[in-house]
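Take a look at the structure set out below.
Residue numbers (full-length UniProt numbering): 1 to 348.
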């Protein structure tokens, strides 16, 4: 089935780009639970597995959340709404969930569970509790604090980089360029300056932006989600680029490629990690190497013209030069992302 979203040239100016920390927490939970797989993020999933298992054991609300999450069916909208604005923090988004009226939450939970597998007794007690909204919010907060927050500075950097790239494509070249490589299930059909966005999903129908624009939300952990029902803004959540090898070093058995042989495996790892600009301490945490080792590799890469450095306040940020980007591009991708679907006011 397909949803068709009619857009005009006026919708370009009205479109926005935002990051959703809360959405990343929910997508990370799905990933850890095995609801879909991502080869590039396999090292991160392995690294946080013990933390995830403790969450499941110590936080019943997390298990209850997982009983709600469906593929190809309705998911309660208040649990993972699109961001309502730009520059929101996790606390901002969590406050919006906590403000959900109880009656609305009960209606959405009932719709979510209709035709779905029967949840276990502990989850039913949570869903029937008078403070169900706060309990679910507490579970999401625990997911964020345990799984996502420790890596958030690096994650936010890759999301911001992708967001700026996508916004530049839309503003300069229009819808075709901005949507070209978002997801195979999404297509742009041009009709002069206007056109239609087609999204393959579990719903069907025609929508129109009518000058309201589209909200683009890049995700490090997630797959394609489309929000096309009130009260949410029309939004597309899409997999961000540059996530591969971001949250963990390549597997130990990885076969060296030409870049490894040219500059050495350790320096090649630093060069790949700089797909997103980073400080020395961030690289140390990501690669698991010593401060002196990473600093030495950065100095050599900088002398070779492969990376540059910029001072930002008290910190120094390194990023690849155009030559470094070209060299790193010679490395093959570390894997492809499998997809999952979510359907409701949002469709996955």
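Yeah, the Cβ is synthetic: ideal placement off N, Cα and C, and Gly gets one too.
| Item | Value |
| --- | --- |
| Where residue 225 and residue 296 are concerned, what is the direct C-alpha to C-alpha distance, given to the nearest angstrom? | 42 Å |
| To the nearest angstrom, report how far apart residue 25 and residue 313 are at their CA atoms. | 29 Å |
| Could I get the ranges of all uninterrupted alpha helix (DSSP H) runs contained in the segment 46-94, with 4 residues as the minimum, in chain order? | 60-68 |
| Below 8 Å between beta carbons: does that hold for residue 198 and residue 2? | yes |
| Can you name, in chain order, every residue of its own chain whose Cβ lies under 7 Å from the Cβ of residue 240, other than the five neighbours on each side? | 158, 159, 162, 218, 219 and 220 |
| By how many angstroms is the C-alpha of residue 31 removed from the C-alpha of residue 180? | 25 Å |
| What span of residues does the alpha helix (DSSP H) with residue 121 cover, start to end? | 121-128 |
| Can you round the beta-carbon distance between residue 68 and residue 62 to whole angstroms, since I take them to be within the 8 Å contact cut? | Not quite, the Cβ-Cβ distance comes to about 11 Å (not below 8 Å), so this is no contact. |
| What distance in whole Å lies between the Cβ atoms of residue 70 and residue 139, which are believed to be in contact at a cut-off of 8 Å? | Incorrect: roughly 17 Å between the Cβ atoms, too far for contact. |
| Are residue 19 and residue 156 touching if we call contact CB-CB under 8 Å? | yes |
| Run through DSSP, which three-state label would residue 340 get? | Unreliable placement is indicated for residue 340, whose pLDDT of 36 sits below 50; the coordinate value is still reported in the next sentence. Coil, per DSSP. |
| Would you kindly work out how many angstroms separate the C-alpha atoms of residue 148 and residue 21, rounded to a whole number? | 8 Å |
| From residue 134 to residue 142, what does the alpha carbon distance come to, in whole angstroms? | 12 Å |
| Mind checking whether residue 215 and residue 130 have CB atoms under 8 Å apart? | no |
| Secondary structure at residue 239, three-state DSSP: helix, strand or coil? | strand |
| Going by beta-carbon coordinates alone, are residue 151 and residue 108 separated by less than 8 Å? | no |
| Which residue comes first and which comes last in the beta strand (DSSP E) that contains residue 316? | 315-320 |
| Kindly give me the distance between the Cβ atoms of residue 318 and residue 291, rounded to whole angstroms, as I take these residues to be in contact under 8 Å. | Actually they are not in contact, since the Cβ atoms of residue 318 and residue 291 sit about 14 Å apart, beyond 8 Å. |
| Tell me the residue span of the beta strand (DSSP E) that contains residue 194. | 194-200 |
| Considering only DSSP beta bridges, list what residue 6 is partnered with. | 196 and 208 |
| With distances taken between CB atoms, is the gap from residue 307 to residue 324 smaller than 8 Å? | yes |
| Spell out the partners DSSP gives residue 228 in its beta bridges. | In the DSSP output, where bridge partners are listed per residue, residue 228 has none listed. |
| Measure from the alpha carbon of residue 316 to the alpha carbon of each residue in 65, 279 and 265, then state which is nearest. | 279 |
| Checking the sheet assignment: what are the DSSP bridge partners for residue 307? | 320 |
| If we ignore side chains and look at the alpha-carbon of each, how far apart do residue 33 and residue 42 end up? | 12 Å |
| Can you say whether residue 27 is buried or exposed, counting buried as having 16 or more other CB atoms within 10 angstroms of its CB? | buried |
| Who are the near neighbours of residue 182 in its chain, counting only those whose CB is closer than 6 Å to its CB and skipping five residues on each side? | 238 |
| So, with DSSP's three-state summary, where would you put residue 19? | coil |
| Please return the same chain residues whose Cβ sits closer than 6 Å to the Cβ of residue 29, not counting the five positions on each side in sequence. | 143 |
| Below 8 Å CB to CB, which residues in the same chain sit around residue 332 once its five sequence neighbours on both sides are set aside? | Residue placement at residue 332 is poorly supported in this model, since its pLDDT is 46, which falls under 50; the coordinates are not used for a value here. |
| Take residue 367 and list the residues in its own chain whose beta-carbon comes closer than 6 Å to its own, dropping the five residues that flank it on each side. | Residue 367 falls outside the range modelled here, since the chain spans only 1 to 348, and no answer is possible. |
| Would you mind stating whether residue 177 and residue 190 have Cβ atoms separated by less than 8 Å? | no |
| Distance, Cα to Cα, residue 273 vs residue 282? | 10 Å |
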